[in-house]
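Written out as structure tokens, the structure reads:
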């Protein structure tokens, strides 16, 4: 495992006790030295990679920080980037279904695969 096993302080973002317990039960691996693992990669690329590959998303570099990283400097021009007028809404990914909604969805899906009940 390239980034190594997470330590206890890196598990705080996991909301599920079961998920934390599962991660704790996994075999432990030390973090690898990125420079040694990727000897032909520039130090700037290694630095950016180490900041992006962090188990805890709260400790990971943000997109804005990554775009401002010196390694991406030649590729990044703030004046050429569009700005979103309003934040994206991903509410559709977190629907709140009732038992009846779920039954109806399963029924509709079943009918899609077998539209003619006589066969």
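In the working numbering, the protein residues as written are -7 to 111. We put the CB at the ideal spot given by N, CA and C, even for glycine.
Provide the residue span of the alpha helix (DSSP H) that contains residue 94, from first to last.
Counting from 1 along the chain shown, the entry for residue 94 is found at position 102. Taken as a continuous stretch (DSSP letters only), the alpha helix (DSSP H) holding residue 94 covers 91 to 105.
Taking a contact to mean a Cβ-Cβ separation below 8 Å, would you say residue 39 touches residue 63 in this structure?
To locate residue 39, count along the chain shown from 1; it is residue 47. To locate residue 63, count along the chain shown from 1; it is residue 71. Against a cut-off of 8 Å, the Cβ pair of residue 63 and residue 39 comes out as a contact.
Measuring only the C-alpha atoms, how far is residue 31 from residue -2?
To locate residue 31, count along the chain shown from 1; it is residue 39. To locate residue -2, count along the chain shown from 1; it is residue 6. Going by the C-alpha atoms only, they are around 24 Å apart.
Pairs of beta-carbons, one from the segment 88 to 97 and one from the segment 70 to 80, closer than 8 Å: are there three or more?
They do not touch, by the three-pair rule.
Looking only at its own chain, which residues have a Cβ that is under 7 Å from the Cβ of residue 23, when we skip the five neighbours before and after it?
In the chain shown, the residue the question calls residue 23 occupies position 31. Cβ neighbours of residue 23 beyond the five flanking positions: -5 and -4.
So, for residue 3: in the same chain, excluding its five sequence neighbours on each side, which residues have a beta-carbon less than 7 Å away from its beta-carbon?
In the chain shown, residue 3 corresponds to position 11, counting from 1. Answer for residue 3: 12 and 15, listed in chain order.
May I have the straight-line CA-CA distance separating residue 19 from residue 28, to the nearest angstrom?
Translated into positions along the chain shown, residue 19 becomes position 27. Translated into positions along the chain shown, residue 28 becomes position 36. In a straight line, the C-alpha of residue 19 is about 23 Å away from that of residue 28.
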